[in-house]
Amino acid sequence: MLIIVAILQKFYFGTTYKPGLNAATAFFFIYILVWGAFLDNTTYVYVPEIWPTHLRSHGAAIAYVAYHSVAIAITSPAALAFAQIGYKYYFVFVALCVSGSTFIWFQFPETAGLTLEEVGAKFGDEIEVTFEDALAHEMQQVDTDTRIEEFKED
1245 MLIIVAILQK FYFGTTYKPG LNAATAFFFI YILVWGAFLD NTTYVYVPEI WPTHLRSHGA
1305 AIAYVAYHSV AIAITSPAAL AFAQIGYKYY FVFVALCVSG STFIWFQFPE TAGLTLEEVG
1365 AKFGDEIEVT FEDALAHEMQ QVDTDTRIEE FKED
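If you read the sequence shown in the numbering used here, its first letter stands for residue 1245, the second for the next number, and so on.
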């Protein structure tokens, strides 16, 4: 989407062609909306969840400091960069998104549909009891209790 913003700015920035300028502005705001709704908030949701409870606040603090430090580092030179290279500065952000997405795709474990124990195993924890074993034990216990009650009634 940011590539579309860059292309529209390449052709229409500095012109008086209203539809092109309006499209560039609209795509920019749509990009900001999508970024804020889906990408920006993962720092505040995902990072605390991957740390063990006793380290969660420290890990989250380190991640937030890193996040905001990088944000300052890539946005501080924005005014100068836009003055010097114009729309091409958007490709810095495109490259960051592509590299970050690639890293996440290959390095972050998928945890959808897993129990907490299975998620822990993906992060190196040893599973003491699996859900299936606990369920089988519970079913056996219920079956035994039912037989005892039936025996008492007879």
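The beta carbon of each residue, even a glycine, is placed where N, CA and C say it ideally should be.
By the Cβ-count criterion, Val1386 is exposed, with fewer than 16 other Cβ atoms from all chains shown falling within 10 Å of its own Cβ.
Nearest Cα to Val1249 within the set Thr1297, Tyr1334, Val1309 and Val1314: Tyr1334. Under the 8 Å Cβ criterion, the segment 1337-1356 does not count as touching the segment 1372-1387, having fewer than three qualifying pairs. Counting C-beta pairs with one atom in each stretch, the segment 1256-1268 and the segment 1335-1349 have fewer than three that are closer than 8 Å, which means they do not touch.
With distances taken between CA atoms, Tyr1288 lies nearest to Ile1306 out of His1298, Phe1271 and Ile1306. If you look at Val1373, you'll find it isn't in any alpha helix (DSSP H); DSSP assigns it neither H nor E. In the three-state DSSP reduction, Asp1284 falls in the coil class, being neither helix nor strand. 8 Å or more divides the Cβ of Gly1280 from the Cβ of Val1291.
With fewer than 16 other Cβ atoms from the protein chains shown falling within 10 Å of its own Cβ, Phe1367 counts as exposed. Val1338 places its beta carbon less than 8 Å from that of Ile1247. Judged by DSSP in its simplified three-state form, Leu1358 adopts coil rather than helix or strand. Boundaries of the alpha helix (DSSP H) harbouring Tyr1334: Tyr1334 to Gln1351, taken from the DSSP string. The shortest C-alpha to C-alpha distance from Pro1296 to any of Gly1264, Leu1379 and Val1363 is the one to Val1363. Non-local C-beta neighbours of Glu1361 in its own chain, meaning closer than 6 Å and more than five positions away in sequence, comprise Ile1371, ordered along the chain.
Here Trp1279 carries a helix assignment [DSSP, helix/strand/coil].
Judged by beta-carbon spacing, Phe1271 lies within the 8 Å limit of Leu1252, meaning their Cβ atoms are closer than that value.
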